[in-house]
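Engineer: Can you read through this structure? Questions will come right after.
Protein chains: 2
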Amino acid sequence: MNTYSSKLLENSVNELSKLPGIGKKTALRLALHILKEESNYAESLGSSIIELRNKIQYCKTCHNISDSEACEICANPKRDHSTLCVVEDVRDVMAIENTGQFNGVYHILGGIISPMDGIGPSDLNIESLIRKVSEDNTNEIIMALSTTIEGDTTNYYIYKKLSHFNIKITTIARGISIGDELEYADEITLGRSIINRMPYENSLSEERF
Amino acid sequence: MNTYSSKLLENSVNELSKLPGIGKKTALRLALHILKEESNYAESLGSSIIELRNKIQYCKTCHNISDSEACEICANPKRDHSTLCVVEDVRDVMAIENTGQFNGVYHILGGIISPMDGIGPSDLNIESLIRKVSEDNTNEIIMALSTTIEGDTTNYYIYKKLSHFNIKITTIARGISIGDELEYADEITLGRSIINRMPYENSLSEERF
């Protein structure tokens, strides 16, 4: 006989186990949980998934996930539209927004250059970034990508592509994390943080003092 | 502004994070994964969840999850309907079925007696078990519950309820797991396994010899 006593159960376990990090056992636990809950939970969970995929839009300006043609950030006139923060994906936008320290707008690449995964510059939203910079009144581009080889490669590629425009290109600061102890920091980070030392006054953040 | 740039995204993250073991961060990862996949995946995942909850039935005889009034096991005339294996939930049925060592039928309690969680005998399918035993031609009841205090309590409660019927009541064997080393076994298990020692011939399983 079939391991699952029900085709319906088997079907939903199969679908759930296609999600990243969810194996058959976890999928079964989730399916049994859904069965135990009120039926309106299954209804709202299921329809929220279907609606999400069918109705979602991507902002025409920054490629952020949005409910309309322009995302809330790009549509906000109070944001500084001359400062562009280049990030890998939507989660990075959320992370930076949560800091409350950035008032510019974003440009989402949709990934980083990674030859190992077969992702080249043409797979990313780099063309539209260059077009935006050439057409709009951009003062500064802040590169906020992962500090990995792939992130550095992407940084360099974009830097080269934009170097003939008269704009400031910066990267987010790299160094010792706040709260970290020096003896546990890796050599490269520590070495670079000595080379790129900064005026003491800059380290006096509002939060701490 | 809202942390999520889209209400649709926020909504599905909220629904997904109601699942056990899935927090907001994981839910966001799952939602973004669903967005990256073809739209028919979202469709089949979402509708499988809704269908599961709306169309599922429980076997009238054993309370197993089923697509019809009688589950595949209870409907199978080749199974030994006079041997009843009492288990906590559906997952236990699957686990025992996977061993291929049991040809009887099941009775699913839907939980175990756990005063700490407010679960008493009346919350479980115990009445229907007693009715089944009194009406049908049952020879043996195998108690296959967890070897915890709650499991033991439930075992004892059911044992008392069934003791005036002329049937054999057994529990699954408890002892040292196959492949375990003695020095790491806990004292209670080891102590009991000496008291409940069994003829050597019984330990010669087909699989190993």
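Which chain is which? The protein sequence lines are A and B, in order.
For the first sequence, the positions run 77 to 285 when the numbering used here is used.
For the second sequence, the positions run 77 to 285 when the numbering used here is used.
The C-beta atom is built at its ideal place from N, Cα and C for all residues, glycine as well.
1) Does any C-beta atom of chain A lie closer than 7 Å to the C-beta of Cys138 of chain B?
2) Mind checking Thr246 of chain A: buried by the 16 CB within 10 Å criterion, or exposed?
3) Do Ile98 of chain A and Leu121 of chain B have their beta-carbon atoms positioned less than 7 Å apart in this structure?
4) Are there 16 or more other CB atoms within 10 angstroms of the CB of Ala291 of chain B, so buried, or fewer, so exposed?
5) Which residues in chain A have a C-beta closer than 7 Å to the C-beta of Leu84 of chain B? List them in chain order.
6) Please check the pair Gln133 of chain A and Glu145 of chain A, which I expect to be a contact at CB under 8 Å, by giving their CB distance rounded to whole angstroms.
7) Using C-beta distances below 7 Å, list every residue in its chain close to Ile141 of chain A, excluding the 5 sequence neighbours before and after it, in chain order.
8) Just to confirm, is the Cβ distance from Pro96 of chain B to His109 of chain A under 7 Å?
9) Within 7 Å of any Cβ in chain B, is that where the Cβ of Cys150 of chain A sits?
10) Given Met219 of chain A, which residues of its chain have a CB within under 6 Å of its CB, disregarding the five upstream and five downstream residues?
11) What are the boundary residues of the alpha helix (DSSP H) that Thr229 of chain A is part of?
12) Could you give the distance in angstroms between the alpha-carbon of Leu92 of chain B and the alpha-carbon of Thr79 of chain A?
13) In the structure shown, what three-state DSSP assignment does Gly180 of chain A receive?
14) Nearest to Leu160 of chain A by CA position, among A:Ile188, A:Lys112, A:Ser210, is which residue?
15) Along the chain, where does the alpha helix (DSSP H) containing Ile110 of chain A start, and where does it finish?
16) Closest to Ile254 of chain A by C-alpha separation, out of A:Phe241, A:Ser269, A:Lys244, A:Ile264, would be which residue?
17) When burial is assigned at 16 or more other CB atoms within 10 Å of the CB, is Tyr235 of chain A buried or exposed?
18) Check whether chain A comes within 7 Å of Met170 of chain B, counting only Cβ atoms and requiring the distance to be less than that.
19) Measuring alpha carbon to alpha carbon, tell me which residue in B:Leu104, B:Ser88, B:Tyr260, B:Glu259 is nearest Ala171 of chain A.
20) Per DSSP, which one or two residues make a beta bridge with Cys161 of chain B?
21) Closer than 6 Å: is that where the CB of Lys94 of chain A sits relative to any heavy atom of the ligand ATP?
22) Taking only beta-carbon positions, decide if Glu259 of chain A is within less than 7 Å of chain B.
23) Shorter than 7 Å from the beta carbon of Ser88 of chain A to some beta carbon of chain E?
24) On the premise that Asp143 of chain A lies in contact with Leu84 of chain B, defined as a C-beta separation below 8 Å, what is that separation, rounded to the nearest angstrom?
Structural biologist: This is what the structure gives:
1) Residue 138 of chain B sits at position 62 when you count from the first residue of the second sequence. Chain A contact via Cβ: absent.
2) Translated into positions along the first sequence, residue 246 of chain A becomes position 170. The residue is exposed, with fewer than 16 neighbouring Cβ atoms inside 10 Å.
3) For the purposes of this step, residue 121 of chain B is taken as residue 45 along the second sequence, with counting starting at 1. For the purposes of this step, residue 98 of chain A is taken as residue 22 along the first sequence, with counting starting at 1. No, Cβ-Cβ distance for Leu121 of chain B and Ile98 of chain A is not below 7 Å.
4) Residue 291 of chain B lies beyond the stretch modelled for chain B, which goes from 77 to 285, so this question has no answer here.
5) In the second sequence, counting from the first residue as 1, residue 84 of chain B sits at position 8. Those within 7 Å of Leu84 of chain B in chain A are Glu127, Leu128, Lys131, Ile132, Asp143.
6) Start at 1 with the first residue of the first sequence, and residue 133 of chain A comes out as number 57. Start at 1 with the first residue of the first sequence, and residue 145 of chain A comes out as number 69. Indeed, because the Cβ distance is near 6 Å, the residues count as touching under 8 Å.
7) On the first sequence, residue 141 of chain A is found 65 positions in, with the first residue counted as 1. Answer for Ile141 of chain A: Ile132, Tyr134, Val166, listed in chain order.
8) Here the question's residue 96 of chain B lines up with position 20 in the second sequence. Here the question's residue 109 of chain A lines up with position 33 in the first sequence. Yes; because the gap between Cβ atoms is below 7 Å, this pair is in contact.
9) Looking up residue 150 of chain A in the first sequence gives position 74. Answer no: the Cβ-Cβ gap between Cys150 of chain A and chain B never drops below 7 Å.
10) The residue you call residue 219 of chain A lines up with position 143 of the first sequence. Only Val162, Asn231, Thr247 meet the Cβ criterion.
11) Your numbering for residue 229 of chain A matches position 153 in the first sequence. Taken as a continuous stretch (DSSP letters only), the alpha helix (DSSP H) holding Thr229 of chain A covers 225 to 238.
12) By 1-based counting over the second sequence, the position of residue 92 of chain B is 16. By 1-based counting over the first sequence, the position of residue 79 of chain A is 3. One C-alpha to the other measures close to 26 Å.
13) Within the first sequence, the letter at position 104 stands for residue 180 of chain A. Looking at Gly180 of chain A - three-state DSSP - the assignment turns out to be strand.
14) Sequence index remark: in the first sequence, residue 160 of chain A carries index 84 (1-based). The candidate whose alpha carbon is nearest that of Leu160 of chain A is A:Ser210.
15) Within the first sequence, residue 110 of chain A is the residue found at index 34, counting from 1. From DSSP, the alpha helix (DSSP H) with Ile110 of chain A extends over 100 to 112.
16) Position 178 of the first sequence holds residue 254 of chain A. Ranking the options by Cα distance to Ile254 of chain A, first place goes to A:Ser269.
17) Working through the first sequence from its first residue, we reach residue 235 of chain A at position 159. When all chains shown are included, Tyr235 of chain A counts as exposed.
18) Stepping through the second sequence from its first residue, residue 170 of chain B is reached at position 94. Answer yes: the Cβ-Cβ gap between Met170 of chain B and chain A drops below 7 Å somewhere.
19) One-based indexing of the first sequence puts residue 171 of chain A at position 95. Out of B:Leu104, B:Ser88, B:Tyr260, B:Glu259, B:Leu104 has the C-alpha closest to the C-alpha of Ala171 of chain A.
20) Position 85 of the second sequence, counted from the first residue, corresponds to residue 161 of chain B. Note: Cys161 of chain B sits in a beta bridge opposite B:Tyr182, B:Ile218.
21) As for the ligand ATP, it is missing from this structure, which has no ligand bound.
22) In the first sequence, residue 259 of chain A corresponds to position 183, counting from 1. No, because no Cβ of chain B sits closer than 7 Å to the Cβ of Glu259 of chain A.
23) The displayed structure is made up of protein chains A and B, and chain E is not among them.
24) Taking the second sequence and counting its residues from 1, the one referred to as residue 84 of chain B is at position 8. Taking the first sequence and counting its residues from 1, the one referred to as residue 143 of chain A is at position 67. Confirmed, Cβ separation roughly 6 Å.
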